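Protein chains in written order, with our numbering: chain A, 361 to 591; chain B, 4 to 217.
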Amino acid sequence: MNRNGNTYTFLYAAIMVILVAAVLASVSMALKPRQTRNFEIEKKKNILASVNIESDATNAEKIYAEKILNEYVVNVNGEQVDGDAFNTDLKKERAKDANEMVLPIFEFQTEEGLKYVLPLRGAGLWGPVWGFVSLNDDMNTIYGANFDHEGETPGLGAEISTVAFEEAFVGKKLFDNTGKLVSILVAKVGQVAPEEHKVDGISGGTITSKGLEKMLLDDFTSYQEFLNKKK
Amino acid sequence: MSEPLFSKKNMKLLSDPMNNSNPITVQVLGICSALAVTAQLKPSIVMAISVTAVLALANVIISLLRNTIPNRIRIIVQLVVIAALVILVDQVLKAYVFDVSRQLSVFVGLIITNCIIMGRLEAFALGNRPWQSFLDGIGNSAGYGVILIIVGFFRELFGSGTLFGYKVIPESWYIANGGFYENNGLMVLSPMALIVVGIIIWVQRSKNRKLIEN
Chain A
361 MNRNGNTYTF
371 LYAAIMVILV
381 AAVLASVSMA
391 LKPRQTRNFE
401 IEKKKNILAS
411 VNIESDATNA
421 EKIYAEKILN
431 EYVVNVNGEQ
441 VDGDAFNTDL
451 KKERAKDANE
461 MVLPIFEFQT
471 EEGLKYVLPL
481 RGAGLWGPVW
491 GFVSLNDDMN
501 TIYGANFDHE
511 GETPGLGAEI
521 STVAFEEAFV
531 GKKLFDNTGK
541 LVSILVAKVG
551 QVAPEEHKVD
561 GISGGTITSK
571 GLEKMLLDDF
581 TSYQEFLNKK
591 K
Chain B
4 MSEPLFSKKN
14 MKLLSDPMNN
24 SNPITVQVLG
34 ICSALAVTAQ
44 LKPSIVMAIS
54 VTAVLALANV
64 IISLLRNTIP
74 NRIRIIVQLV
84 VIAALVILVD
94 QVLKAYVFDV
104 SRQLSVFVGL
114 IITNCIIMGR
124 LEAFALGNRP
134 WQSFLDGIGN
144 SAGYGVILII
154 VGFFRELFGS
164 GTLFGYKVIP
174 ESWYIANGGF
184 YENNGLMVLS
194 PMALIVVGII
204 IWVQRSKNRK
214 LIEN
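Below, the structure written as structure tokens:
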């Protein structure tokens, strides 16, 4: 067959693509269970980090099982409903109508008392950002926070997942004195806000910082009824 | 035409990229990933291994196919082979060394765009037999990996005071503990990788004066 003819070229391309697709699909299927487990361990590690418990890939599952007190989902009215808190896909939930959305809650018993962990999800600059924020049992003061992202720029937006940034959230308050939800402002230089509702944003990572701020406000708003009930 | 597997000419394919035609310090290819992943030693080594796997296999595959590839779509064929191998590497990392794969994040995907790989396929594998192509792939990725590991070593040592995550600089040396030492924050940022690569190029050229252009 003529190697430079159109028929040969098309056939060659088609067969190559089919072969490659078959190889990739089978490898992906073979490795899926291991990868899913890794993602679960990572999630447990992050949840533990939000209640200031350190763990690594080898002991995260064990510590998680020891420390967790309760996990359940609530609706926007703060009523407990049926659901699997750990495997709730926040991306899918956010796409639903507000009254069908379920919100996962994790309760942890720590040395400093009962803590409530709320998972959050929002948008950064290049992709999703997400995190876990733990609250004291006054349902107002932040006890710890852990953030992560898919593809924010290293050194800029990606700084949201550094300990230094996460620690700034400790002790901040969600509600003001009148009981109104103000959430946390991720402030630019010169932005004025009460100290207890403000953390410093990231230089060069303004869009990520503001995305995180919006995530905090939006998601705490969804949890508001639940928080009010528990107070 | 039969030639011993480890003939002098073949060994040169392995050793040349380590020095006279090093992809990073002489050809200045693949710099982007060399800056991005070398803040610590472990990701540098994983990146070096990943690139070695991809480049050696891609070279062999392209070399085996070299007489069948239609000339008009040869770049696309090369790209498909590279992309498929990179996805395989990414999947394997996610399954077996999850924390490293999180650290390398987008850079594994970016192996596809590493000019060293495409360059070797186009310049070598398309015109040479599989064994020679394999050696060329190993040689070039080793030349790339060596630089990555040297840069990673210095950046982790001086930037974080650790190697492979283990403390090597005694705690008592730090100013915070009453000592005299402080980690150099600039070392963990990418610009310092460029400076370290620059220093390596300087050292290499002062030893090997053939490389100095006029």
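Don't be surprised by glycine CBs; every beta carbon is placed ideally from N, CA and C. Note that the coordinates shown come from a computational prediction; the quantities given were computed from them, not determined experimentally.
- Approximately 16 Å separates the beta-carbon atoms of S163 of chain B and N180 of chain B; this is outside 8 Å, ruling out the contact.
- Put simply, the CB of A373 of chain A is near chain B, with a gap under 8 Å to one of its CB atoms.
- When rounded, the separation of the alpha-carbon atoms in P20 of chain B and D457 of chain A is 59 Å.
- As DSSP reads the structure, F525 of chain A sits in no beta bridge.
- For L91 of chain B, the closest Cβ of chain A is nearer than 8 Å.
- As the crow flies, the alpha-carbon of L576 of chain A is around 19 Å from that of K403 of chain A.
- Residue burial annotation: Y169 of chain B is exposed, with fewer than 16 other C-beta atoms found within 10 angstroms of its C-beta.
- Here P26 of chain B is buried, its C-beta having at least 16 other C-beta atoms within 10 Å.
- Rounded to the nearest angstrom, the gap between the Cα atoms of T55 of chain B and I562 of chain A is 36 Å.
- Neighbourhood of V530 of chain A in chain B, by CB distance below 8 Å: empty, with the nearest CB roughly 21 Å away.
- For R69 of chain B, there is no enclosing beta strand (DSSP E), as DSSP gives it neither H nor E.
- Sorting A:L541, A:N537 and A:A528 by C-alpha distance to the C-alpha of A547 of chain A places A:A528 at the top.
- With the criterion set as a beta carbon lying under 8 Å from some beta carbon of chain B, the members of the stretch 381 to 394 of chain A are V383, L384, V387, S388, L391 and R394, in sequence order.
- DSSP links V489 of chain A through a beta bridge to A:G482 and A:H509.
- For I85 of chain B, the nearest beta carbon of chain A is not closer than 8 Å to its own beta carbon.
- Here the alpha carbon of N459 of chain A sits roughly 12 Å from the alpha carbon of V441 of chain A.
- The residue among B:L38, B:I152 and B:I64 with its C-alpha nearest the C-alpha of S136 of chain B is B:I64.
- At a cut-off of 8 Å, the C-beta of R69 of chain B has no neighbouring C-beta in chain A.
- Between the alpha carbons of L485 of chain A and E585 of chain A lies a distance of about 30 Å.
- In the three-state scheme derived from DSSP, where H, G and I count as helix and E and B as strand, T418 of chain A is classed as coil.
- Per the C-alpha coordinates, the member of B:L197, B:E125 and B:A126 positioned closest to L151 of chain B is B:L197.
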